[in-house]
Structures are given as structure tokens and as C-alpha cells.
Amino acid sequence: MTTASRISLWVLGALILLPTGVQAQRISTWAGTANLAKRIWLESSLGETPAIMPQAMATRPRDGGTLAFGGLVGGVLGAFAGGLSGVAVCDCNSGEGYDALEAFFWGAAVGTAITIPLGVHLANRSDGNYGISLAASAGISALGLAAAFVADEAAIVLLVPISQIVSS
Numbered sequence: 003m004t005t006a007s008r009i010s011l012w013v014l015g016a017l018i019l020l021p022t023g024v025q026a027q028r029i030s031t032w033a034g035t036a037n038l039a040k041r042i043w044l045e046s047s048l049g050e051t052p053a054i055m056p057q058a059m060a061t062r063p064r065d066g067g068t069l070a071f072g073g074l075v076g077g078v079l080g081a082f083a084g085g086l087s088g089v090a091v092c093d094c095n096s097g098e099g100y101d102a103l104e105a106f107f108w109g110a111a112v113g114t115a116i117t118i119p120l121g122v123h124l125a126n127r128s129d130g131n132y133g134i135s136l137a138a139s140a141g142i143s144a145l146g147l148a149a150a151f152v153a154d155e156a157a158i159v160l161l162v163p164i165s166q167i168v169s170s
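Sequential numbering of the sequence shown, starting at 3, is according to our numbering.
Pasting the structure below:
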């Protein structure tokens with residue numbers, strides 16, 4: 003096994019394991035629900051009718067399928083918007099090689115890194131920390147693209163959006 007293969011396997015393992023520890027959208031949801039539950043319990047124990055019951059129901063976390071779908075929609079929109087922006091910015095009129103395709107790829111990579119966590123954040127009713135999720139998504143993009151270049155294997159790039167959705 004070559005050194006490049008070992009490095010790419012390590013990065014691939016990091017891409018798979020990183021999302022399990024970086025659940026940015028779930029952090030404040032559970033804390034907010036616990037605080038609301040304490041307030042409801044306190045008001046009901048004092049004999050008052052809990053006035054915040056509808057609010058408590060509205061802040062329950064979304065299920066994973068809804069969050070994943072939000073990330074998928076955000077990723078598709080970001081891939082096209084970023085890809086087309088990349089082609090518009092580059093000077094691809096030379097006619098040599100695949101300059102426009104390369105510009106589309108890099109733009110799509112940047113677009114999905116930004117919009118996948120945004121889609122999950124919006125699907126979660128803007129609860130959680132978008133900044134942490136965006137930083138994790140950018141890190142996953144960098145690790146995934148580095149692993150793909152080191153291993154000279156383009157299939158690794160397909161794991162990047164999946165890891166970004168899971169981490170968000």
C-alpha cells in the first residue's frame with residue numbers, strides 16, 4: 003500500500019467519522035426544549051395554565067429526514083448556482099481543454115459547501131448555529147477534495163456532500 007493510499011484512507015475515515023461529532027443544528031434545539039420544559043413544569047406546578055405550551059410544541063426538533071431533504075435541496079441549488087457563477091467568473095474563452103467544466107466544478111464545490119448547511123438550517127426552523135455548520139462543511143470539502151487529489155480517485159468527491167448533510 004502506497005503512502006498516498008494510506009493518506010487517502012485516513013482522510014476518507016475522517017470524512018465518515020467527522021459528521022457524527024459535529025451536529026451543529028441539534029445543539030441549541032435540545033437546550034431550548036429543556037428550558038421550555040422547565041418553564042412549563044414551573045408554571046403548571048404553581049397552578050397557572052402554561053402560557054408557552056404552543057411555543058414548546060413549535061420548538062421540537064425536526065426529524066432527520068426533513069433535515070436531510072433541506073440539505074439535499076440546498077446542495078442542488080448551491081451546485082448549480084455556484085457552478086454557473088464559476089463559469090461566469092472564469093475566462094473560459096481560450097478554447098483549450100475543459101476550462102469551463104473545471105470552473106463549473108470548483109464553483110459547485112464552493113456553492114454546496116455554503117448551501118447544504120443553509121438548507122439544513124432553514125429546514126430546522128433556523129434553530130442551531132449556522133456558523134459552526136458552515137465551518138464544518140467547509141472543512142469537509144477541503145478534506146474530501148484533498149483526499150481525491152492525493153488518491154487520484156474522483157469517487158471520493160461523492161462522499162463530500164453526504165458527509166456535509168450528515169454533519170449539518
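Yeah, the Cβ is synthetic: ideal placement off N, Cα and C, and Gly gets one too.
What's the C-alpha gap between residue i and residue j?
i	j	result
aspartate 65	serine 169	15 angstroms
histidine 123	leucine 145	22 angstroms
asparagine 131	phenylalanine 71	18 angstroms
leucine 74	glycine 67	10 angstroms
aspartate 154	aspartate 129	38 angstroms
Quick test of your reading: residue i and residue j, contact by CB under 8 angstroms. State the CB separation rounded to the nearest angstrom.
i	j	result
valine 162	isoleucine 134	Their Cβ separation, rounded to whole angstroms, is 18 angstroms, which puts valine 162 and isoleucine 134 out of contact at 8 angstroms.
cysteine 94	alanine 83	Contact flag wrong, Cβ pair sits at about 17 angstroms.
isoleucine 118	isoleucine 158	Not really, about 17 angstroms apart at Cβ, beyond 8 angstroms.
alanine 150	alanine 156	6 angstroms
Using only CA atoms, which one of the options lies nearest to residue i?
i	options	result
serine 165	Leu136, Val152, Gly109	Leu136
alanine 81	Gly121, Phe151, Tyr100, Cys94	Gly121
leucine 86	Gly77, Val75, Ala105, Asn95	Ala105
leucine 69	Val152, Asn126, Asp93	Asn126
alanine 111	Asn95, Asp129, Gly76	Gly76
valine 91	Leu79, Tyr100, Gly109, Val78	Gly109
glycine 113	Ser128, Tyr100, Asp129, Val78	Val78
In chain order, what residues of the same chain have a beta carbon less than 6 angstroms from the beta carbon of residue i, not counting five sequence neighbours either side?
i	result
alanine 115	Ser139, Ala140, Ser143
Here's a check: name, in chain order, each residue in its chain whose Cβ is nearer than 8 angstroms to the Cβ of residue i, leaving out the five neighbours to either side.
i	result
leucine 147	Ala111, Val159, Val162
phenylalanine 107	Gly85, Gly88
Could you check where the alpha helix (DSSP H) with residue i kicks off and where it finishes?
i	result
alanine 115	101 to 125
serine 139	132 to 153
valine 75	66 to 91
isoleucine 167	161 to 169
For residue i, which residues in the same chain have their Cβ closer than 7 angstroms to its Cβ, ignoring the five residues on either side in sequence?
i	result
tyrosine 100	none
isoleucine 29	Low confidence applies to isoleucine 29: its pLDDT is 46, below 50, so where it sits in the model is not reliable enough to give any reading.
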